[in-house]
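Asks:
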Amino acid sequence: MNDKLVGQPLVRKEDPRLLRGDGRYLDDLGRGALAAAFVRSPVAHARITGIDVDEALDVEGLVAIYTHEDLPGRIAEPLPLLIPHPDLTHPRTPYCLANGEVNHVGEAVVMVVATDRYLAEDVAERIRVTYEDLPPVVGIDQARAGERLVHEDAPGNVAARSVQTNGKGEAHEAIASAPHRLALDLHIERSASMPMEGKGVLAHWDADDRTLRVHSSTQTSTSVRLAVAAKLELPPDRVEVITPDVGGGFGVKIVHPWPEEILVPWAAMTLGRDVKWVEDRREHFTSSAHERAQQQHVEVGFDEAGRLLGLSVEIWHDNGAYVPYGIIVPIVTSTQLLGPYKVGAYRVEFTSLYTNTVIVTPYRGAGRPQGVFAMERTMDAIAEYLGMDRLAVREANLIQPEEMPYDQGLVFQDGRPLIYDSGDYPTMLRMIRDLVGWDGFEAERAAAAAEGRRIGIGIGAYVEGTGMGPYEGAHVKVETTGEVVVSTGLTTQGQGHYTSLAQIAADVLGVGVGDVTVITGDTRRFKYAVGTFASRAIVTSGNAVAIAAAKVAEKAKRIAAAALGDGVAPEDLELVDGRVRRRADPATAIDLRTVAVLSNPLRYAFDEETKAATQFAAATATGEEPGLEATGYYMPERSTYAAGAHGVVVETDPETADIRILRYCVVHDCGVVVNPRIVEGQVHGGVAQGIGGALYERIVYDDAGQLVNASYMDFLIPFATEVPHIQTAHMVTASGLNPLGLKGAGEAGVIPTSAVVASAIEDAEGLAVRRMPISPSELYELRKARQARKEQVSA
Amino acid sequence: MTEQVHQITVTVNGVARRGEVPARRLLADFLRMDLGLTGTHLGCEHGVCGACTLLLDGVPVRSCLILAVSADGHAVTTVEGCCEAGGELGPVQQAFQDCHGLQCGFCTPGFITTITAYLEENPKPTEEEAREAIGGNLCRCTGYQNIVKAVLRAADLKRERESADE
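Protein chains in written order, with my numbering: chain W, 57 to 851; chain V, 487 to 652.
(1) In chain order, what residues of the same chain have a beta carbon less than 6 Å from the beta carbon of W/GLU70, not counting five sequence neighbours either side?
(2) Less than 8 Å between C-beta atoms, sequence neighbours within five positions excluded: which residues of the same chain meet that for W/THR149?
(3) Closer than 7 Å to a non-hydrogen atom of the ligand NAP - does that hold for the CB of W/LEU367?
(4) Between the segment 767-779 of chain W and the segment 617-637 of chain V, do three or more beta carbon pairs fall short of 8 Å?
(5) Taking only beta-carbon positions, decide if V/GLN579 is within less than 8 Å of chain W.
(6) Keeping to the same chain, check which residues put their C-beta closer than 6 Å to that of W/ALA645; ignore five residues upstream and five downstream.
(7) Can you name the residues of chain V whose CB is closer than 7 Å to the CB of W/GLY223?
(8) Reducing DSSP to helix, strand and coil, say where W/THR650 ends up.
(9) Note down, one range per segment and in chain order, each alpha helix (DSSP H) of at least 4 residues found wholly within the segment 148-223 of chain W.
(10) For W/ASP110, tell me which candidate among W/ALA154, W/ALA120, W/LEU838 has the shortest Cα-Cα distance.
(11) Using three-state DSSP, classify W/PHE497 as helix, strand or coil.
(12) With the cut-off set at 8 Å, would you say V/VAL637 and V/ALA603 are in Cβ contact?
(13) Classify W/TYR476: buried if its beta carbon has 16 or more other beta carbons within 10 angstroms, exposed otherwise.
(14) Below 8 Å, can you find three or more Cβ-Cβ pairs linking the segment 541-553 of chain W to the segment 811-822 of chain W?
(15) Against chain V, does W/GLU339 count as a neighbour if the rule is that its beta carbon must be under 8 Å from one of theirs?
(16) Please state the DSSP three-state secondary structure of W/HIS260.
(17) Could one say the Cβ of W/ILE782 lies closer than 8 Å to chain V's Cβ atoms, at least one of them?
(18) Do V/PHE592 and W/MET252 have their CB atoms nearer than 8 Å?
(19) Quick one: grab the DSSP three-state call for W/HIS271.
(20) Closest by CA to W/GLY362, which one among W/LEU447, W/ILE438, W/ARG580?
(21) Residues in the same chain with beta-carbon distance under 7 Å from W/ALA604, minus the five sequence neighbours each way, listed in chain order, please.
(22) Leaving out five residues on either side along the sequence, give the residues of the same chain with a beta carbon under 6 Å from the beta carbon of W/GLU405.
(23) Taking the Cβ atom as the reference point for each residue, do W/VAL416 and W/VAL385 lie within a distance shorter than 8 Å?
(24) Between which two residues does the alpha helix (DSSP H) holding W/ILE717 run?
(25) Between W/GLU664, W/ALA668, W/ASP647, which lies nearest to W/ASN656 when the distance is taken from Cα to Cα?
(26) Taking just the CA atoms, how far does W/THR537 sit from W/GLY749?
(27) Between the segment 532-549 of chain V and chain W, which residues of the former have a C-beta closer than 8 Å to a C-beta of the latter?
(28) Measuring CB to CB, does W/LEU319 end up less than 8 Å from W/LEU82?
(29) Does the distance from the CB of V/LEU588 to the CB of V/ALA640 come in under 8 Å?
(30) Could you tell me the alpha carbon to alpha carbon distance between V/ASP520 and W/PRO313, rounded to whole angstroms?
(31) Who are the neighbours of W/PRO72 on chain V, taking C-beta pairs under 7 Å?
(32) Ignoring anything shorter than 3 residues, give me the beta strand (DSSP E) runs that lie fully in the segment 394-419 of chain W, in order along the chain.
(33) For the beta strand (DSSP E) containing W/ARG510, list its first residue and its last residue.
(34) W/HIS41 to W/ASP470, Cα distance in whole Å?
(35) Just the Cα atoms here: how many angstroms apart are W/PHE662 and W/GLN671?
(36) Against V/ILE598, what residues of chain W qualify as contacts under a CB-to-CB distance less than 9 Å, listed in chain order?
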């Protein structure tokens, strides 16, 4: 052994448990707990004029009914603004239960607690809430018009307006003086994370110990803990938050505290009983969060070679009814829009707008798919205008490897400068050119055309800031059994951390991956963490695990050296195969588990093993803290930038306008890869969500603000039959910013998908695609509009 | 208001289980709440996602659309029942681990039961057939690439294990 485990495509340690049905997701816990259900607003914008519970009171099993008036202290105040920003001038956050006014369908108005969920729903449906309707603001056009207001004290429905420039000249002047200019108007519609498991909270109040234990299906247990402690006015050390197995997150579960994360623990404390709430699918649609919806206006100036000289982008971002997560999504769009390109003078302005719809917070990709859509549509428009090859336009604008690190001159979502640390974008484009068959495509097109088929090819690239701070940490301990226990504060929701983090620790400690147990998202085990989002877990926690494990290894060497005696120095030793041994003489060795025993000098032995650590036995190292364990933190100086390029071939049906993906190719660079099998899986999943976002998934609100497709029957997540075979190729440009050279991979697959699919449809059809997702009927309408224009011209 | 309860007996993973349930209790909730068999997951509760799929007399059904009382006298196989007799992973489960066919694992039980029944019907599917076989279950994590592979791998494992038993 001792081949490095990092880099190996190991099967996952967590799988057997999940495959047997022994996973423990939120709703699998708390049998016998009281159940909560919510009465939610059926209207988009209204004043609450009355709440009548009389009819509900005789439901057997009813325990409690709560409205806003029942909530004490800080629980009655609005939920926190998680990420304040100077440009967020009119922040509004929701109440746990509506305080006299509702601002979107699905907003919680009344909380019911009963002996089981069936009965809680019986109670909820007997509660009569009366509303006085207010005019709803639905969609970006209506929000921009500002004639109706979501919040009376947020004029023009504007939550934030923000401008960034890259310090490379005045964009409008650069565009005006450029040899060529183009303008594009682009639209992206609403979509949503839609994890297969919704949210859920279980709370247990120990009145004797005065401690609160909360289980939540969240992407951040440590932050939920602090938020719950603050709202319930408990010392944080009296609150434990545990994240059990989580059935997917994709961004929506990073938002916290959700109203239910405050109300359920409060009810448990108030009632002295365990209380559980599990979100149903309709609730998830109407009361969690969405993303994506933006309008964009792009102006670009360029030269004969297609090189960008100036770029100006205006973005109107629909943030829904409240902004608890601040303006992170439009900041990410604004900054990551630049991709692997040099754009000359850049100016971006976004306006974040309130609408009477559910909140908008990061969904995998978090604003990047919209930014990449804007940039790649622009590249294609330039190619079309100049009659150039689309790939050649991109190549003309690429940042070259020798220009790294490359400062884009902007401030990224982590508040740090947007400096690309490493990457080889020309190689990346060459690889995708080969993989997708760019050069041979005209022959392929001709062959298809000869059969009466219409096909098109699209390509696009992105850069993704990953591994942002402020930090993650880990505690690594070698037990006296030899088991290595790694605890990290961030949560896991399918990314395989139990395996990948074990690989990292095992390498440092010279043990097998089977010897390592990883614990995530449990504040009893590790209290300091940020969370699992923004493709940051493996970079931040991975390096923290390596740092903590290295401290443990050093300590093991010191203790082992003392135990081995005979002039052995710690620096003579290495950790291999579960032993600490002398490099020059591997037979001189001591088991790591024995070192763990010796690390804790004992007065009293309790078994054969521990006799070795008692006072009249072996030499133990002096001056050491007890326990073969250490805590380490990794605090990145700034984000590290992963990159990729996708290529797609689509076929469009000349009659039905059906759109089918024939080939989907991915080139992906996330630096050093810890577990290629897991990274590949992340890419696959991202691409499938990207295809959903390009062709199928859209959240539809009608003019009254009703979410008309709030079910899996009507919101079309791709099945296996809609996702094509995905071909992948990987390249590695290590990050110089962290000890392991890692970059994040979680969001990669989803980022350029809408852009490349739009590009391929344009190529197949010879018409401009400016709005995504696109359905066959929309493509049909585009064809009709083009036909009408042609007829107008010929008339 | 008091709910009337009904006596039912359902053979779950080979064991007769008795229960007293209200008429409206879903089969999925009977398994999860009354029997504590939480391997069966509810993803949409309207019959689309397939996470709650189990086998009713060997046939895949959505347990969010079936009342527990209507399973009275019938046999149910859940993901917990897809293991080998000795408790080792069954062929479909093993194939999912081998092929990285799961990430968060929430939809997985519905795939395991669906594929288990499918391979009885078609022991040697092609890749296209494998894709079609899982075409009624939603997964939000994997993009289905490795689940398709797992169907094919499971077919191989099943045959290998069956021939080893002979």
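Beta carbons: idealized from backbone N, C-alpha and C, even for Gly.
Replies: Well, looking at it:
(1) Sequence index remark: in the first sequence, residue 70 of chain W carries index 14 (1-based). Taken in chain order, the residues that qualify are TYR554.
(2) Here the question's residue 149 of chain W lines up with position 93 in the first sequence. Counting only Cβ-Cβ distances below 8 Å, and skipping sequence neighbours, we find PRO134, LEU135, PRO136, LEU137, TYR378, VAL379, PRO380.
(3) The model depicted lacks the ligand NAP and carries no ligand whatsoever.
(4) yes
(5) Against the second sequence, residue 579 of chain V aligns to sequence position 93. Closer than 8 Å: yes.
(6) Along the first sequence, read from residue 1 onward, the residue named residue 645 of chain W stands at position 589. Same-chain partners within the cutoff: ARG635, ARG637.
(7) In the first sequence, residue 223 of chain W corresponds to position 167, counting from 1. By Cβ distance, chain V contributes nothing, its closest Cβ being about 40 Å from W/GLY223, past 7 Å.
(8) Start at 1 with the first residue of the first sequence, and residue 650 of chain W comes out as number 594. W/THR650: helix per DSSP, three-state reduction.
(9) 173-181, 195-201
(10) For the purposes of this step, residue 110 of chain W is taken as residue 54 along the first sequence, with counting starting at 1. Answer by Cα proximity: W/ALA120.
(11) In the first sequence, counting from the first residue as 1, residue 497 of chain W sits at position 441. Helix, per DSSP.
(12) The count along the second sequence starts at 1 and reaches residue 637 of chain V at position 151. The count along the second sequence starts at 1 and reaches residue 603 of chain V at position 117. No, Cβ-Cβ distance for V/VAL637 and V/ALA603 is not below 8 Å.
(13) For this step, residue 476 of chain W is matched to residue 420 along the first sequence. Buried is the call here.
(14) no
(15) Numbered from its first residue, the first sequence carries residue 339 of chain W at position 283. By this cut-off, W/GLU339 is not an interface position.
(16) In the first sequence, the residue the question calls residue 260 of chain W occupies position 204. Reduced to three states, the DSSP call for W/HIS260 is strand.
(17) Residue numbering aside, residue 782 of chain W sits at position 726 when the first sequence is read from its first letter. Judged by the 8 Å Cβ criterion, W/ILE782 is in contact with chain V.
(18) For the purposes of this step, residue 592 of chain V is taken as the residue at position 106 of the second sequence. For the purposes of this step, residue 252 of chain W is taken as the residue at position 196 of the first sequence. Yes. Within cutoff.
(19) Mapped onto the first sequence, residue 271 of chain W falls at position 215. Three-state DSSP puts W/HIS271 in a strand.
(20) As a first step, residue 362 of chain W is located in the first sequence; it is residue number 306 there, counting from the start. Measuring from the Cα of W/GLY362, the nearest candidate turns out to be W/ILE438.
(21) What you label residue 604 of chain W is simply residue 548 of the first sequence in a count that begins at 1. If we look at W/ALA604 and ignore the five residues flanking it on each side, its Cβ neighbours are ALA530, HIS531, VAL532, ALA686, THR687, GLY688.
(22) In the first sequence, the residue the question calls residue 405 of chain W occupies position 349. Result list for W/GLU405: VAL219, GLU370, in chain order.
(23) Looking up residue 416 of chain W in the first sequence gives position 360. Looking up residue 385 of chain W in the first sequence gives position 329. Yes, these two residues count as a Cβ contact at 8 Å.
(24) Start at 1 with the first residue of the first sequence, and residue 717 of chain W comes out as number 661. Taken as a continuous stretch (DSSP letters only), W/ILE717 belongs to no alpha helix (DSSP H), being part of the beta strand (DSSP E) at 715-725.
(25) Position 600 of the first sequence, counted from the start, is the residue given in the question as residue 656 of chain W. Ranking the options by Cα distance to W/ASN656, first place goes to W/ALA668.
(26) Against the first sequence, residue 749 of chain W aligns to sequence position 693. Against the first sequence, residue 537 of chain W aligns to sequence position 481. Near 49 Å, if we compare the C-alpha coordinates of W/THR537 and W/GLY749.
(27) HIS532, VAL534, CYS535, ALA537
(28) Counting from 1 along the first sequence, the entry for residue 319 of chain W is found at position 263. Counting from 1 along the first sequence, the entry for residue 82 of chain W is found at position 26. Not in contact: W/LEU319 and W/LEU82 (Cβ atoms no closer than 8 Å).
(29) Numbered from its first residue, the second sequence carries residue 588 of chain V at position 102. Numbered from its first residue, the second sequence carries residue 640 of chain V at position 154. Against a cut-off of 8 Å, the Cβ pair of V/ALA640 and V/LEU588 comes out as no contact.
(30) Sequence index remark: in the second sequence, residue 520 of chain V carries index 34 (1-based). Sequence index remark: in the first sequence, residue 313 of chain W carries index 257 (1-based). Going from the Cα of V/ASP520 to the Cα of W/PRO313 covers about 31 Å.
(31) Mapped onto the first sequence, residue 72 of chain W falls at position 16. Chain V residues near W/PRO72: LEU575, GLN583.
(32) 401-409
(33) If you number the first sequence from 1, residue 510 of chain W lands on position 454. It spans 510-522 - the beta strand (DSSP E) in which W/ARG510 sits, taken as one unbroken run.
(34) Because residue 41 of chain W is not part of the residues shown, which for chain W are 57 to 851, the question remains open.
(35) For the purposes of this step, residue 662 of chain W is taken as residue 606 along the first sequence, with counting starting at 1. For the purposes of this step, residue 671 of chain W is taken as residue 615 along the first sequence, with counting starting at 1. Approximately 13 Å, taken between the alpha carbons.
(36) As a first step, residue 598 of chain V must be located in the second sequence, where it is residue number 112. Result: LEU75, GLY77.
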